[in-house]
Amino acid sequence: MRLARFLHIFLVVSLAWLGAFFANAEDPYRYFNWEVTYGTISPLGVSQQGILINGQFPGPPIEAITNDNIVLNVVNKLDEPFLLTWKGIQQRKNSWQDGVLGTQCPIPPGTNWTYKFQLKDQIGTFMYFPSIGLQRADGGFGALNIAQRSVIPIPYPTPFGEFTLLVGDWYKSDHKALQQTLDKGNLLPLPDGILINGRPNGFTFTGQRGQTYKFRVSNVGIATSINFRIQGHNITLVEVEGCHTLQEVYESLDVHVGQSVTVLVTLQWSPKDYFVVCSSRFTKPILNATALLHYDGSNTPASLPLPIGPTYQIHWSMKQARTLRTNLTANAARPNPQGSYHYGTIQVNRTLILANAPTKINGTLRYTVNNVSYVDPDTPLKLADYFNIPGVFTLNSIKDTPPSGPDALGTSVVGTMLHDFVEIIFQNTEKAIQSWHLDGYSFYTVGYGSGQWTPDMRKRYNMADAVSRDTVQVYPLSWSAILVSLDNKGMWNLRSAIWSKQYLGQQLYIRVWNNEKSPYTEYDAPQNVLLCGKAKSS
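Counting with mature numbering (1 follows the signal peptide of the UniProt record, and there is no 0), you get residues -25 to -1, 1 to 513 for the letters of the sequence shown.
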C-alpha cells in the first residue's frame, strides 16, 4: 500500500511538473531575412518591372506550425516606402505588426525593419502582400501556410501531399502606371490575364494515382473573382481562412479577391495529365489560366476541351456561398475540443451599415464608405492613439448608417469597446462585385442577399454554423452581413479588397479599446517601432 501510495504521489507530482514545464516552454521561432527589390519579369510574355522577394516572384512561402513565432527582417531596396501585411493572421494583441499605414510607419528605402509576431491559435491557408499604393499589382506577395501541431487532430485523413496555388489577375503595366491612371480620375481597365503561381500556363502539380492531395488556393489579385476547377475531378472543401468547414463536394469553387480556401482532391482516374483551370468571374471577356495535374509516370498529355465553369451567374455564386458551413464537430487550432460556438445567442451591441459608392471630390475620382473617402494621415492612427497625439483622427468620424449629404475626404475611425459584439452590413450600391476584409479578426458570414438590406433580412441569417473567415464578397447591388466579436484590442483596418477602390478611399479603421493597460490585452509598442509624422517628437 505504501509503495502504491508513493507511486501515485510521484506520478501526480511528475505530471504537474511536466505540465508546468510545457506550459512555460516557449513556442518555436522561425527566422527569415527578405530583401525586397525590383526585377524584370515577363509573366504574360512582356518584360515589365516586378517586385521580388529574395529574387523570387511570387515571393517565398512561409511554411509554419500553429503558435510558431515569426521573426522576419525586411530589407527595402525599392525606391519608395514599403510595408507587408499578413492577410488573415490575427496578430493577437499586436496591431503594431499589421503592416498597414494606419498602424505602422512605412519602411523607408534603403532601410530595414523586423516583424515579430506569433501565429497564435491559427491553422490554415493565408497570404502576405505589399499594402502601400498599388505595389501588390507588381508582386511582393506569397503564401503563408499554417499546419496543425502534432497534438491537434484534423477532421479528415492526412493528405499524401499538398500544393499551393497563388491565383490572381495581372496587368502588363507596373504599379506606378496603374496609380497614375487612378490619380488622373480613370478606372483601371480589365486585367490582361490570370496567373497561377506567376504563370498563365505551364505550371505542373505531380501526384500519385490513388492518393489524396491538399490544394491551398488563394486569390492574390487586385480586382477579379476567380473560379477554380480540375478537369475530371471533384474537389472537397475542408477549410476556409482558418475555419474547418463541412466537407461539401464541388465541381468548381468561386474564390473572390483576398480569399483563401483549402480543398482535397483524390487522383482516382486513368494516369494522364488533367487541366487545372482558374477563370475570371463576372468579366467580359472571360480570362483563363491553366496548370496541369500530372499523374506520376504518365506520358499522356491533357486533352481539350477545358472543363466548363460559371461565367456571370451571380445567383449561382450566391447559392454556392450559402453552402459554406462550419464543421461544428472539428477542433480549432488548440488541442482541446472546442465544440460549437453559440454566436447566435449573443446580444449585438452595435450595428454598422456600410455603403460603398464611387464619387468625385474636388473633381477627382474617389470611393467612399458612408459618404467618407478615407485619406491616410502622416501619422499612423496607432501611434497617435498610443502617444495621445491630438489632431490626427476623431473617433466615430463616420456614421453608423449611410447619411444624406455631400461626400468628403476624411480619416474614418469607428470607436468600439473590447468584447463588443457587432453586426456589420456591407451594402453594395454598385453593379460590380465587392470584397471586404477586416484585419485582426475572423467573423461569421451570416447572410447574403440581393437588393437593399432591411432589419427583416435578419430572419434569413444562418445563426448556427456560418463559416468564420476574414474576407467576404458582396454581390452587385446586394448585401452581405457579418457578426464579429471584437476581442482583439488595437487599431484594425476594414477595407475593400478591390485594391483600386481601397487606394481611392474605400476603407476605414476600427479602434477596439478598453482602459486597462496590460500585456494581457495589448502589447506595448515594440522596441524597434518606426516613428513618423507627429510621432517623431513624441
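Idealized CB from N, CA, C, for every residue including glycine.
Of the residues the options, the one placed nearest residue i, counting alpha carbons only
i: E405; options: A332, V21, I205; result: A332
i: residue 533; options: Y316, S417, W474; result: Summary: the structure shown does not reach residue 533, with the chain confined to residues -25 through 513, and so no result is reported for it.
i: T179; options: I171, K68, L356; result: I171
i: P175; options: Q206, L221, N263; result: N263
i: A383; options: D395, Y342, D353; result: Y342
i: F182; options: G272, D96, Y146; result: According to the sequence as given, residue 182 is Gly; it is not Phe. With distances taken between Cα atoms, G182 lies closest to G272.
i: S70; options: N490, W145, R486, N346; result: R486
i: Y90; options: G508, F57, A122; result: F57
i: G380; options: T354, V344, G390; result: V344
i: H219; options: P365, W428, V238; result: V238
i: W61; options: I321, L279, I121; result: I121
i: G366; options: K151, K509, V49; result: K509
i: I169; options: V195, D158, K159; result: V195
i: H150; options: V213, V224, T241, D54; result: D54
i: T286; options: V459, G99, D229; result: D229
i: L212; options: N202, E223, Q206; result: E223
i: A407; options: F257, S235, N437; result: F257
i: T391; options: G385, P378, P377, I373; result: I373
i: D43; options: I399, F250, N437, Y6; result: Y6
i: Y4; options: L157, P33, L47; result: L47
i: L153; options: G233, R191, Q110; result: Q110
i: G284; options: T156, S227, T326, P260; result: S227
i: Y450; options: S425, V126, L327; result: S425
Residue(s) in a DSSP beta bridge with residue i
i: G182; result: Y270
i: Q31; result: I28
i: L239; result: K189, T211
i: Q482; result: R470
i: T391; result: V487
i: V21; result: DSSP output for V21 lists no bridge partner at all.
i: A122; result: I40
i: L135; result: As written in the sequence, residue 135 is Phe, which differs from the Leu given in the question. None, per the DSSP bridge assignment.
CB contact below 7 Å: residue i versus chain B
i: I171; result: This model lacks chain B altogether; it includes just one protein chain.
Residue i vs residue j beta-carbon contact at 7 Å
i: A296; j: P130; result: no
i: D96; j: A308; result: yes
i: F92; j: Q79; result: no
i: A112; j: I197; result: yes
i: G143; j: Y188; result: no
i: I37; j: V11; result: no
i: Q448; j: H231; result: yes
i: V388; j: F418; result: no
i: V323; j: F396; result: yes
i: S254; j: T199; result: no
i: W467; j: G415; result: yes
i: L393; j: K464; result: yes
i: F116; j: F104; result: yes
i: Y349; j: Q482; result: yes
i: I98; j: T139; result: no
i: G77; j: T339; result: no
i: M293; j: Y423; result: yes
i: P84; j: N51; result: yes
i: V240; j: I210; result: yes
i: residue 598; j: Y484; result: The chain is shown only over -25 to 513; residue 598 falls outside these bounds and no answer can be derived.
i: N302; j: L221; result: yes
i: residue 520; j: P33; result: Here the chain has residues from -25 to 513 only, and residue 520 is not among them.
i: D445; j: G63; result: yes
Beta-carbon separation (whole angstroms), residue i vs residue j, contact threshold 8 Å
i: D299; j: V215; result: Inspection of the sequence shows that residue 299 is occupied by Leu rather than by Asp. Rounded, the Cβ-Cβ distance is 6 Å, consistent with contact.
i: Y270; j: R204; result: About 18 Å separates the two Cβ atoms, so there is no contact after all.
i: W411; j: S453; result: With a Cβ gap of about 13 Å, W411 and S453 do not count as contacting.
i: P81; j: I107; result: 6 Å
i: A456; j: E398; result: 7 Å
Delimiting residues of the alpha helix (DSSP H) encompassing residue i
i: W474; result: 474 to 478
i: R174; result: Careful: R174 lies outside any alpha helix (DSSP H) and carries neither H nor E.
i: H412; result: Where H412 is concerned, there is no enclosing alpha helix (DSSP H), although the beta strand (DSSP E) it sits in stretches over 409 to 413.
i: T156; result: 150 to 158
i: A359; result: 356 to 361
Start-to-end residues for the beta strand (DSSP E) that takes in residue i
i: K335; result: 325 to 336
i: K62; result: 59 to 62
i: H290; result: Looking at the DSSP string, H290 is not in any beta strand (DSSP E); the run it does join, the alpha helix (DSSP H), is 289 to 297.
i: T446; result: 446 to 449
i: K91; result: 87 to 93
i: C253; result: 248 to 255
i: F104; result: 99 to 105
i: N202; result: 201 to 205
i: V230; result: 227 to 230
i: G196; result: First-last for G196: undefined, no H or E at that position.
i: N42; result: Premise fails: N42 is in no beta strand (DSSP E) and is neither H nor E.
i: N8; result: 4 to 16
i: A456; result: 453 to 461
i: A277; result: Run containing A277: none; DSSP gives neither H nor E here.
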